[in-house]
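**Q**
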Amino acid sequence: GAVVSQHPSWVICKSGTSVKIECRSLDFQATTMFWYRQFPKQSLMLMATSNEGSKATYEQGVEKDKFLINHASLTLSTLTVTSAHPEDSSFYICSARGQGYSGANVLTFGAGSRLTVL
Amino acid sequence: GQQVMQIPQYQHVQEGEDFTTYCNSSTTLSNIQWYKQRPGGHPVFLIQLVKSGEVKKQKRLTFQFGEAKKNSSLHITATQTTDVGTYFCAGFTGNQFYFGTGTSLTVIP
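Protein sequence lines, in the order shown, are assigned to chains A and B.
Residue numbers for the first sequence follow the working numbering, so the first one is -11 and each next one is one higher.
Residue numbers for the second sequence follow the working numbering, so the first one is 27 and each next one is one higher.
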């Protein structure tokens, strides 16, 4: 079945540093990838939609200069949290939309990346 | 704008009891999907409903899509401790996925 690999699973960094999170579709081409942020016991908050070869579309209230998204190929999208601060600590999850095993327009999620900024 | 509401937000049930979560969209959906997220895990796709009035079953889980394609429900019969987690609906329309707020299910042994 469709698999999305997200790396790293856990990351701890100092305030002011940048962190890159990778999201790869392993056995299918993902024309669109989505990046979500999830706070404890809350729903998924869509941050941005990443389309291969074009600029990401950010949701209202999400700083594009803070959360840099690059979708350089049909199998890889990256999210870079620049100049991270403690309030950026969260669970970040990517998902890919493609020809998954369950059919079109189904989301396959990565395992998520838990970011802690000290 | 597009909204997908889900109720209840939390549900505690005794093992063996039934459980239902409801999802309502402010607009008509192309399809609706259900995902389950175990504690500490990531959402995993359960099922997709496309047709108006569609009903699908997966063992003890029954999924329904409303006639107007604006609401959906997930019913679990005779819950087990393995059913613990948060259940999200996701409405797909206009090339976008809109996630519900989720229902967190706790099953008491």
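Just so it is clear, CB atoms sit at the ideal spot from N, CA and C, and this is done for glycine as well.
Would you check if the region -6 to 5 of chain A and the region 14 to 29 of chain A touch, i.e. whether three or more CB-CB distances between them fall below 8 Å?
**A** Touching, no.
**Q** DSSP on residue 93 of chain B, reduced to helix/strand/coil?
**A** Start at 1 with the first residue of the second sequence, and residue 93 of chain B comes out as number 67. Here residue 93 of chain B sits in coil by DSSP.
**Q** Please compile the residues from chain A whose C-beta is within a distance smaller than 8 Å of the C-beta of residue 59 of chain B.
**A** On the second sequence, residue 59 of chain B is found 33 positions in, with the first residue counted as 1. Under the 8 Å cutoff, chain A gives 94 and 95.
**Q** At a CB distance below 9 Å, what residues from the region 102 to 129 of chain B approach chain A? Give them in sequence order.
**A** Going along the region 102 to 129 of chain B in chain order, one finds 112, 114, 116, 118, 121, 122, 123, 124, 125, 126, 127 and 128 with a Cβ nearer than 9 Å to chain A.
**Q** Can we say the region -9 to -2 of chain A touches the region 9 to 24 of chain A, given the rule of at least three CB pairs closer than 8 Å?
**A** Output reads yes: the region 9 to 24 of chain A touches the region -9 to -2 of chain A.
**Q** When you compare the region 51 to 63 of chain B with the region 110 to 127 of chain B, are there three or more beta-carbon pairs, one atom per stretch, that lie closer than 8 Å?
**A** Segments in contact, yes.
**Q** Rounded to whole angstroms, what is the Cα-Cα separation between residue 60 of chain A and residue 23 of chain A?
**A** Indexing the first sequence from 1 puts residue 60 of chain A at position 72. Indexing the first sequence from 1 puts residue 23 of chain A at position 35. Computed Cα separation, rounded: 15 Å.
**Q** Using the rule of at least 16 other Cβ atoms within 10 Å of the residue's Cβ for burial, across every protein chain shown, is residue 88 of chain A buried or exposed?
**A** Numbered from 1 along the first sequence, position 100 holds the residue referred to as residue 88 of chain A. The pLDDT assigned to residue 88 of chain A is 48, lower than 50, so where the model puts this residue is not dependable; a value taken from the coordinates is nonetheless given after this. Buried, by the Cβ-count rule.
**Q** Please report the distance separating the alpha-carbon of residue 34 of chain A from that of residue 115 of chain B.
**A** Looking up residue 34 of chain A in the first sequence gives position 46. Looking up residue 115 of chain B in the second sequence gives position 89. Distance between the alpha carbons of residue 34 of chain A and residue 115 of chain B: 14 Å.
**Q** Below 8 Å on the Cβ atoms is my contact criterion, and I expect residue 100 of chain A with residue 80 of chain A to pass it. Report the Cβ-Cβ distance as a whole number of Å.
**A** Stepping through the first sequence from its first residue, residue 100 of chain A is reached at position 112. Stepping through the first sequence from its first residue, residue 80 of chain A is reached at position 92. So it is a contact: roughly 7 Å between Cβ atoms.
**Q** Counting along the chain, where does the beta strand (DSSP E) carrying residue 85 of chain B start and finish?
**A** Counting from 1 along the second sequence, the entry for residue 85 of chain B is found at position 59. Here residue 85 of chain B belongs to no beta strand (DSSP E), and DSSP marks it neither H nor E.
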